[in-house]
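In what follows, a structure is listed as structure tokens, so that the remarks can point back to it.
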Amino acid sequence: MAKLICPYCHSTQLVEPGQNTLICQCGQEVPPNFVKVARKHPPIYLATVGNTTHGKTTYIDSLAVTIENLGKISQGTFHDYLDNYTFEEIRRIRCQVQEREERKSTHKSEQPEPLLISIRNFLENPFNTLAVYDLAGEVFDDREAIDEYSQPLKHVNTIWFFISLFDLQHNDEQGRTLSDLFNIYRTGMERIQVDTKDRKLLVIYTKADKLANDLPGSVRDYLRIDPYQTLDIMKRSEAEQHQLDEYEYVQQLYRISSELEEFTYDEVDGGISFINMVKASGMKLSFCAVSSIGRESSGGANQMLDYRRYRVIDPLLLALNHTNSSHKKKSSQGKFILVIDTGEANQVIYESGIPQAAFDILTSNDSVTTYYVGTSISHGPPDTKPPEQNPPSKMLPVIGPILETVPQNSYVLIITNRKIIDLNDFDFTEWQNRLGIICFKKDDILWPKVEAINESTYELTRIVEKFFDLNLE
Numbered sequence: 001m002a003k004l005i006c007p008y009c010h011s012t013q014l015v016e017p018g019q020n021t022l023i024c025q026c027g028q029e030v031p032p033n034f035v036k037v038a039r040k041h042p043p044i045y046l047a048t049v050g051n052t053t054h055g056k057t058t059y060i061d062s063l064a065v066t067i068e069n070l071g072k073i074s075q076g077t078f079h080d081y082l083d084n085y086t087f088e089e090i091r092r093i094r095c096q097v098q099e100r101e102e103r104k105s106t107h108k109s110e111q112p113e114p115l116l117i118s119i120r121n122f123l124e125n126p127f128n129t130l131a132v133y134d135l136a137g138e139v140f141d142d143r144e145a146i147d148e149y150s151q152p153l154k155h156v157n158t159i160w161f162f163i164s165l166f167d168l169q170h171n172d173e174q175g176r177t178l179s180d181l182f183n184i185y186r187t188g189m190e191r192i193q194v195d196t197k198d199r200k201l202l203v204i205y206t207k208a209d210k211l212a213n214d215l216p217g218s219v220r221d222y223l224r225i226d227p228y229q230t231l232d233i234m235k236r237s238e239a240e241q242h243q244l245d246e247y248e249y250v251q252q253l254y255r256i257s258s259e260l261e262e263f264t265y266d267e268v269d270g271g272i273s274f275i276n277m278v279k280a281s282g283m284k285l286s287f288c289a290v291s292s293i294g295r296e297s298s299g300g301a302n303q304m305l306d307y308r309r310y311r312v313i314d315p316l317l318l319a320l321n322h323t324n325s326s327h328k329k330k331s332s333q334g335k336f337i338l339v340i341d342t343g344e345a346n347q348v349i350y351e352s353g354i355p356q357a358a359f360d361i362l363t364s365n366d367s368v369t370t371y372y373v374g375t376s377i378s379h380g381p382p383d384t385k386p387p388e389q390n391p392p393s394k395m396l397p398v399i400g401p402i403l404e405t406v407p408q409n410s411y412v413l414i415i416t417n418r419k420i421i422d423l424n425d426f427d428f429t430e431w432q433n434r435l436g437i438i439c440f441k442k443d444d445i446l447w448p449k450v451e452a453i454n455e456s457t458y459e460l461t462r463i464v465e466k467f468f469d470l471n472l473e
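In this text, residue positions in the sequence shown follow our numbering: the first is 1, and each later residue adds one.
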């Protein structure tokens, strides 16, 4: 018997094997297609959080159009709308896009009804089932109003925080800040007695086209060269040149997230307080930037001049990556995690053959999954041999995305030739007992389990045994 969360009242219901119909205790009939998929593949509950006019609803419009065209860049991918409301709503959205009509904002008086969408055969997952709630911006203008509308947030593991920095700076008469928005969200969760720890909070900087002179140059370039900007009108022959490489794309996402976090620290009013507040709550924080339209409406008329979408796919990929990685770690992760660094400074790692030797040593004890430093996407399924060649792409030397993904009882072995910049974030945690580092120079690495090694694999077995209290003879 499976458990299923009603997408309307958010109560937990029991579903018998083979059961595809369900009348919830709230009186709503849960769509049969949703029941059928959710019995076997847990849905991903997403919610938009943000102030009025900051672009939440417009983004969902653009995302729907992007989802309809994912099959152009991902082989075998297609979508399905799991209830009539979603079908009619998306059809209305499609008409609005074709007519260049700007969609009106969601009103607080409207109870949020989810869009129920299934994305099939995407990111190596046969079913990605989404329940997306677009919460009214007015809810987050009032600390007391959140009570009535916080139920949809109860089972949402990934929160999309929509922030238009342009509007905060130029059009906000209430003097609101990022911390204000997070405080209201946290208040709602506390009042329904839901812990925010380990939930994902994705800050989406909307209307990025209006921030062109403020964002870091690398982020501006990233937005400008979006290969999927015109995905909805691409011909198949053109789209085939831009097939989605999940690993490479997600690497870029985490790099951009790190740069936007630094930007938030240094350039956004109240940014330091916001970031510290979120991290203190135990939530996992990441950032991205999008532009769902690209231009203002014309002369006060309700017509858009141009729908130019920049990096609209990014929040979806981050949400799916967070959730799918969480499911994978429970079902298919091995005992050992081998993490290899990349980039020119780490060429010696691949020339030494140490990754392959470490992999062989670890697999003699248990299953091993290989990752690259800086990304939570594994090199392949468990027991896939690490590459012999240094990958061309470079990542920031951070370990957080991996440690937030893999099981807490894993043993992690890092092979690197440089300092891991976020290593101290895991001081005084259990990882100090379960994470070892092999490097070629350890002057800058302060960690309980770190060993310098030359280009020989002679001492490797002894080092691994020492790190993890193993007998590998």
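Quick reminder that beta carbons are idealized off the backbone N, C-alpha and C, glycines included.
**Segment contact flag, the stretch 197-208 with the stretch 273-291, C-beta cutoff 8 angstroms, min 3 pairs** = Put simply, the stretch 197-208 touches the stretch 273-291. At least three CB pairs are less than 8 angstroms apart.
**Buried versus exposed call for ARG462 [16 or more other C-beta atoms within 10 Å across all chains shown]** = Sequence index remark: in the sequence shown, residue 462 carries index 462 (1-based). Burial check for ARG462: the Cβ neighbour count within 10 Å stays below 16, so the residue is exposed.
**Prompt:** In three-state DSSP terms, what is LYS284?
**Reply:** In the sequence shown, counting from the first residue as 1, residue 284 sits at position 284. The three-state secondary structure of LYS284, taken from DSSP, is strand.
**Prompt:** If you pair each beta-carbon of the stretch 384-391 with each one of the stretch 419-436, do three or more pairs fall below 8 angstroms?
**Reply:** Taking 8 angstroms as the limit for Cβ pairs, the verdict is that the stretch 419-436 does not touch the stretch 384-391.
**Request:** Would you check if there are 3 or more beta carbon pairs closer than 8 angstroms linking the stretch 370-379 to the stretch 433-440?
**Result:** Not touching, per the Cβ criterion.
**Item:** Straight-line gap, THR129 to GLU404 (C-alpha atoms, nearest Å)
**Value:** Stepping through the sequence shown from its first residue, residue 129 is reached at position 129. Stepping through the sequence shown from its first residue, residue 404 is reached at position 404. Taking the straight line joining both Cα atoms gives about 22 angstroms.
**Message:** Quick check: the Cα distance between GLU262 and VAL15, rounded to an integer number of angstroms?
**Reply:** The count along the sequence shown starts at 1 and reaches residue 262 at position 262. The count along the sequence shown starts at 1 and reaches residue 15 at position 15. Those two C-alpha atoms are separated by around 46 angstroms.
**Prompt:** Taking the alpha-carbon positions, what's the PRO355 to MET189 distance?
**Reply:** Walking along the sequence shown from the start, residue 355 turns up at place 355. Walking along the sequence shown from the start, residue 189 turns up at place 189. Rounded to the nearest angstrom, the two C-alpha atoms are 44 angstroms apart.
**Asked** For the beta strand (DSSP E) that ASP80 lies in, which residues bound it at each end?
**Response** Looking up residue 80 in the sequence shown gives position 80. Residues 78-81.
**Item:** Through-space distance from LEU446 to LYS154, alpha-carbon basis
**Value:** If you number the sequence shown from 1, residue 154 lands on position 154. If you number the sequence shown from 1, residue 446 lands on position 446. LYS154 and LEU446: Cα-Cα distance of roughly 40 angstroms.
**Asked** Mapping DSSP to helix, strand and coil, what is GLN252?
**Response** Position 252 of the sequence shown holds residue 252. The three-state secondary structure of GLN252, taken from DSSP, is helix.
**Prompt:** Rounded to the nearest angstrom, how far is the Cβ of VAL252 from that of TYR228, given a contact under 8 angstroms?
**Reply:** Locating residue 252 in the sequence shown gives position 252, where the first residue counts as 1. Locating residue 228 in the sequence shown gives position 228, where the first residue counts as 1. Rather than Val, the amino acid found at residue 252 in this sequence is Gln. Not quite, the Cβ-Cβ distance comes to about 12 angstroms (not below 8 angstroms), so this is no contact.
**Request:** Hey, could you find the ends of the alpha helix (DSSP H) ASN128 is sitting in?
**Result:** Indexing the sequence shown from 1 puts residue 128 at position 128. It is not in any alpha helix (DSSP H) - ASN128 instead sits in the beta strand (DSSP E) that spans 125-134.
**Request:** Give the secondary structure of ASN321 by DSSP, where H, G and I count as helix, E and B as strand, and everything else as coil.
**Result:** Taking the sequence shown and counting its residues from 1, the one referred to as residue 321 is at position 321. Helix, per DSSP.
**Asked** Taking just the CA atoms, how far does GLU124 sit from ASP475?
**Response** In the structure as shown, the chain starts at 1 and stops at 473, and residue 475 therefore has no counterpart that could be examined.
**Request:** Let me know the alpha helix (DSSP H) ranges lying completely inside the stretch 413-462, each 4 residues or longer, listed in chain order.
**Result:** As for any alpha helix (DSSP H) of minimum length 4 sitting wholly inside the stretch 413-462, the runs are 431-434, ordered along the chain.
**Message:** Mapping the DSSP letters down to three states, classify SER378 as helix, strand or coil.
**Reply:** By 1-based counting over the sequence shown, the position of residue 378 is 378. SER378: strand per DSSP, three-state reduction.
**Asked** CB-CB under 7 angstroms to ASN166, same chain, minus the five flanking residues each way: which ones, in chain order?
**Response** By 1-based counting over the sequence shown, the position of residue 166 is 166. The residue asked about is misnamed: residue 166 is Phe in this sequence, not Asn. Closer than 7 angstroms at Cβ, skipping near neighbours: LYS207, LYS210, LEU211.
**Request:** State the Cα-Cα distance for the pair HIS10 and ASN20, rounded to the nearest angstrom.
**Result:** One-based indexing of the sequence shown puts residue 10 at position 10. One-based indexing of the sequence shown puts residue 20 at position 20. So the two alpha carbons sit approximately 18 angstroms from each other.
**Message:** Can you tell me whether HIS170 is buried or exposed? The criterion is at least 16 other CB atoms within 10 Å of its CB, across all chains shown.
**Reply:** Mapped onto the sequence shown, residue 170 falls at position 170. Around the beta-carbon of HIS170, fewer than 16 other beta-carbon atoms lie within 10 Å, marking it exposed.
**PRO43 classed as buried or exposed, judged by whether at least 16 other C-beta atoms fall within 10 angstroms** = Position 43 of the sequence shown, counted from the first residue, corresponds to residue 43. Its Cβ being crowded by 16 or more others within 10 Å, PRO43 is buried.
**Prompt:** For VAL312, which option in ILE415, GLN389, SER257, ASP226 has the closest C-alpha, if you only look at C-alpha atoms?
**Reply:** For this step, residue 312 is matched to residue 312 along the sequence shown. Checked all of ILE415, GLN389, SER257, ASP226; the closest Cα to VAL312 is ASP226.
**Asked** Is it the case that the Cβ atoms of THR58 and ASN121 are separated by a distance below 7 angstroms?
**Response** Translated into positions along the sequence shown, residue 58 becomes position 58. Translated into positions along the sequence shown, residue 121 becomes position 121. Contact: no.
**Minimum C-alpha distance to GLU459 - residue among ALA357, ILE399, CYS24** = As a working mapping, residue 459 is identified with position 459 in the sequence shown. Nearest C-alpha to GLU459: ALA357.
**Request:** Please determine, among ILE73, ASN51, GLN28, ALA47, the residue with the shortest C-alpha to C-alpha distance to LYS235.
**Result:** Position 235 of the sequence shown holds residue 235. The residue among ILE73, ASN51, GLN28, ALA47 with its C-alpha nearest the C-alpha of LYS235 is ILE73.
**Request:** Per DSSP, which residues does ALA47 bridge with? Please list them.
**Result:** Stepping through the sequence shown from its first residue, residue 47 is reached at position 47. According to DSSP, which records beta bridges pairwise, ALA47 is partnered with TYR133, ILE159.
**Message:** Looking only at its chain, what residues have a beta carbon closer than 6 angstroms to the beta carbon of THR416, apart from the 5 residues adjacent to it on each side?
**Reply:** In the sequence shown, residue 416 corresponds to position 416, counting from 1. Excluding its 5 nearest sequence neighbours in each direction, THR416 has C-beta neighbours in its own chain below 6 angstroms: ASP341, CYS439, listed in chain order.
**Request:** With DSSP collapsed to three states, give me the class of LEU215.
**Result:** For the purposes of this step, residue 215 is taken as the residue at position 215 of the sequence shown. Three-state result, LEU215: coil.
**Asked** Are SER62 and ARG309 closer than 7 angstroms when you measure CB to CB?
**Response** Translated into positions along the sequence shown, residue 62 becomes position 62. Translated into positions along the sequence shown, residue 309 becomes position 309. It is a contact, given that the beta carbons lie within the stated cut-off.
**Local conformation of LEU338 per DSSP, three classes** = Here residue 338 is taken as the residue at index 338 of the sequence shown, counted from 1. Strand.
**Message:** Please state the DSSP three-state secondary structure of TYR222.
**Reply:** As a working mapping, residue 222 is identified with position 222 in the sequence shown. In the structure shown, TYR222 sits in a helix (DSSP, three-state: H, G or I).
**Ranges of the beta strand (DSSP E) found wholly within the stretch 341-411, counting only runs of at least 3** = At a cut-off of 3 residues, the continuous stretches assigned as beta strand (DSSP E) that sit fully inside the stretch 341-411 are 368-372.
**Asked** How is LEU244 classed by DSSP in three states: helix, strand or coil?
**Response** By one-based count along the sequence shown, residue 244 stands at place 244. If DSSP states are grouped into helix, strand and coil, LEU244 belongs with coil.
**Prompt:** DSSP three-state call for ILE73: helix, strand or coil?
**Reply:** Residue mapping note: residue 73 aligns to position 73 of the sequence shown, counting from 1. Looking at ILE73 - three-state DSSP - the assignment turns out to be coil, as it is neither helix nor strand.
**Prompt:** Which whole-angstrom value is the C-beta distance of GLY374 and PRO401, which I expect to be below 8 angstroms?
**Reply:** Here residue 374 is taken as the residue at index 374 of the sequence shown, counted from 1. Here residue 401 is taken as the residue at index 401 of the sequence shown, counted from 1. About 7 angstroms; that satisfies the 8 angstroms criterion.
**Request:** Please confirm if GLU262 has its CB atom under 7 angstroms from at least one CB of chain B.
**Result:** The structure shown has no chain B; it contains just one protein chain.
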